[in-house]
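Beneath this line is the structure, given in structure tokens, with notes to follow.
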Amino acid sequence: MADTESTSTSDMDVPPRPISDDLSQLYHQLYGGSAFGTALAKWADEMPQHPAVTRLDGNGEPADVLTYSELFRRVQRLGAFLTEELGLAVGDRVILCYPPGTNFIIAFLACLYTGVVAVPVYPPAPNKADIDVPRFCDIAESTEVRYSLTNTFCQRIARVVGLYAKDNRWRSIEWILTSDAFKRRPQTTRTMTASPRPYGCDSKIDDPTIPNITVTGQPYTRTREILMQRHKISERVRGHRLRLFSWLPVCHDMGLIGFLCTPIFFGCEIFQMSPLDFIRKPYLWLQGMSRYKACALMEKEGWKGRGLGHLSG
Numbered sequence: 001m002a003d004t005e006s007t008s009t010s011d012m013d014v015p016p017r018p019i020s021d022d023l024s025q026l027y028h029q030l031y032g033g034s035a036f037g038t039a040l041a042k043w044a045d046e047m048p049q050h051p052a053v054t055r056l057d058g059n060g061e062p063a064d065v066l067t068y069s070e071l072f073r074r075v076q077r078l079g080a081f082l083t084e085e086l087g088l089a090v091g092d093r094v095i096l097c098y099p100p101g102t103n104f105i106i107a108f109l110a111c112l113y114t115g116v117v118a119v120p121v122y123p124p125a126p127n128k129a130d131i132d133v134p135r136f137c138d139i140a141e142s143t144e145v146r147y148s149l150t151n152t153f154c155q156r157i158a159r160v161v162g163l164y165a166k167d168n169r170w171r172s173i174e175w176i177l178t179s180d181a182f183k184r185r186p187q188t189t190r191t192m193t194a195s196p197r198p199y200g201c202d203s204k205i206d207d208p209t210i211p212n213i214t215v216t217g218q219p220y221t222r223t224r225e226i227l228m229q230r231h232k233i234s235e236r237v238r239g240h241r242l243r244l245f246s247w248l249p250v251c252h253d254m255g256l257i258g259f260l261c262t263p264i265f266f267g268c269e270i271f272q273m274s275p276l277d278f279i280r281k282p283y284l285w286l287q288g289m290s291r292y293k294a295c296a297l298m299e300k301e302g303w304k305g306r307g308l309g310h311l312s313g
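If you read the sequence shown in full-length UniProt numbering, its first letter stands for residue 1, the second for the next number, and so on.
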């Protein structure tokens, strides 16, 4: 019997999807080649002081708040750094190696903004360098990545891991601090508006462009790349302005697409809790839902009971 996975779609009787095609054309007409860049510029222009992302600390208190105006400015500056300083073009790939936080969000949106393909990867653990480093290098090699965007914390981990790494490929990866990128790029004085193409957006970004690669797989198994096309994301991000609360890691496809792309696209407000803080204090998730009046949540199947169990206890 033939392997069904090897059967091409051209050989299958796949019915047409006129609704899907119409949505793709509609998004392209409304937002041009960079739907997320145009949408972000729109919200920064229409509601500049509206909170876009609120990062919570280990006690569920607001630790970092980004308005749409500030978020857009930082995305612009980092996007200009990627294209003008690093010379990255549409379709080039870059690793995003961050702990949970706003740094990752800015870097990911800067990639969407410029057409650079984001490859979110967790930093190798120093006590598991013999496993994590080869896997990290495999991802970098298979995705043809030269640069890894990161923050000070993960850069320190990379230096420690580098002392014990036996894989020579590890030393070929160039680690870029995004905080340094902001220092090297002057603050833009451009008046933000949603009418023209956002500054930094490449006019050649179009629907077939792949915005990110999510790598899955256990250390001893072959990694699997999930390629999500831009127009496929556009078909799935529908909603309205609301508050969302989630502890899902943004390197996870559900946390990335459902928790980050969707609310930003529609001008929603995101409350982000570290998955590590959720594991330590699961009840903070449900308390936060009530406290911040969030009307949408995202969680992995079966984990809701963990928070309820702590409350009932």
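From the three backbone atoms N, C-alpha and C, an ideal C-beta is built for every residue, glycine too. Here the structure is a predicted model, which means the values were calculated and not measured.
Quick one: Cα of Ser148 to Cα of Thr114, how far?
Reading the sequence shown from its first residue, position 148 is the one you call residue 148. Reading the sequence shown from its first residue, position 114 is the one you call residue 114. Their backbone Cα atoms lie some 16 Å apart in a straight line.
Give the single residue among Gly267, Trp43, Tyr98 and Leu88 whose Cα lies nearest to the Cα of Gln155.
Residue 155 sits at position 155 when you count from the first residue of the sequence shown. Comparing Cα positions, the closest option is Tyr98.
Run the CB neighbour count on Ser179, radius 10 Å, all protein chains shown included, and call it buried at 16 or more, exposed below.
Indexing the sequence shown from 1 puts residue 179 at position 179. By the 10 Å Cβ count, Ser179 comes out exposed.
Indicate whether the contact test is met: 3 or more Cβ pairs, each with one atom in the segment 132 to 150 and one in the segment 85 to 95, closer than 8 Å.
yes
Length-filtered (4 minimum) alpha helix (DSSP H) runs lying within the segment 82 to 144:
102 to 114 and 129 to 142
Is the CB-CB distance between Ile53 and Val65 below 9 Å?
Translated into positions along the sequence shown, residue 53 becomes position 53. Translated into positions along the sequence shown, residue 65 becomes position 65. A small fix is needed here, since residue 53 is Val in this sequence, not Ile. Yes, Cβ-Cβ distance for Val53 and Val65 is below 9 Å.
Return the Cβ separation of Ile157 and Pro123 in integer angstroms, given the expectation that the two are a contact with Cβ distance under 8 Å.
For the purposes of this step, residue 157 is taken as residue 157 along the sequence shown, with counting starting at 1. For the purposes of this step, residue 123 is taken as residue 123 along the sequence shown, with counting starting at 1. Rounded, the Cβ-Cβ distance is 5 Å, consistent with contact.
Can you tell me whether Asp132 is buried or exposed? The criterion is at least 16 other CB atoms within 10 Å of its CB, across all chains shown.
Residue numbering aside, residue 132 sits at position 132 when the sequence shown is read from its first letter. It is buried - the Cβ of Asp132 has at least 16 other Cβ atoms within 10 Å.
With DSSP as the reference, label Ala296 as helix, strand or coil.
As a position in the sequence shown, residue 296 is number 296, starting the count at 1. Note: Ala296 maps to strand in three-state DSSP.
Outcome for Asn168 when other beta-carbon atoms lying within 10 angstroms are tallied against a minimum of 16:
As a position in the sequence shown, residue 168 is number 168, starting the count at 1. Counting Cβ neighbours within 10 Å, Asn168 comes out exposed, since fewer than 16 surround it.
Suppose you measure from the CA of Trp170 to the CA of Cys251; what does that come to, to the nearest Å?
Within the sequence shown, residue 170 is the residue found at index 170, counting from 1. Within the sequence shown, residue 251 is the residue found at index 251, counting from 1. The straight-line gap from Cα to Cα measures roughly 21 Å.
Nearest-angstrom Cα distance between Glu269 and Lys166?
Locating residue 269 in the sequence shown gives position 269, where the first residue counts as 1. Locating residue 166 in the sequence shown gives position 166, where the first residue counts as 1. About 44 Å.
Would you list the residues sitting across from Ser148 in a DSSP beta bridge?
Start at 1 with the first residue of the sequence shown, and residue 148 comes out as number 148. Ile95 and Trp175, per the DSSP bridge assignment.
In the structure shown, what three-state DSSP assignment does Leu242 receive?
Along the sequence shown, read from residue 1 onward, the residue named residue 242 stands at position 242. Here Leu242 sits in coil by DSSP.
Close-in-space but distant-in-sequence residues of the same chain around Cys295 (CB under 7 Å, 5 per side omitted)
Here residue 295 refers to the residue found at position 295 of the sequence shown. Within the same chain, Cys295 has close Cβ partners Leu242 and Arg243.
Just to check my reading of the structure: Gln287 and Gly60 have Cβ atoms closer than 8 Å, yes? What is that Cβ distance to the nearest angstrom?
Walking along the sequence shown from the start, residue 287 turns up at place 287. Walking along the sequence shown from the start, residue 60 turns up at place 60. Indeed they touch by this definition, with Cβ atoms about 6 Å apart.
Can you tell me where the alpha helix (DSSP H) holding Ala52 begins and where it ends?
Numbered from its first residue, the sequence shown carries residue 52 at position 52. If you look at Ala52, you'll find it isn't in any alpha helix (DSSP H); it sits in the beta strand (DSSP E) that goes Pro51 to Leu56.
For the beta strand (DSSP E) that contains Glu61, what are its first and last residues?
Along the sequence shown, one-based indexing puts residue 61 at 61. Glu61 -> no beta strand (DSSP E), and no H or E assigned at all.
So what's Val250 in DSSP terms, helix, strand or just coil?
Within the sequence shown, numbered from 1, the residue matching residue 250 stands at position 250. Coil.
Kindly indicate which three-state DSSP category Phe265 falls into: helix, strand or coil?
Position 265 of the sequence shown, counted from the start, is the residue given in the question as residue 265. Helix at Phe265.
Beta-carbon separation (whole angstroms), Pro100 vs Pro249, contact threshold 8 Å
Position 100 of the sequence shown, counting from 1, holds the residue named residue 100. Position 249 of the sequence shown, counting from 1, holds the residue named residue 249. Confirmed, Cβ separation roughly 7 Å.
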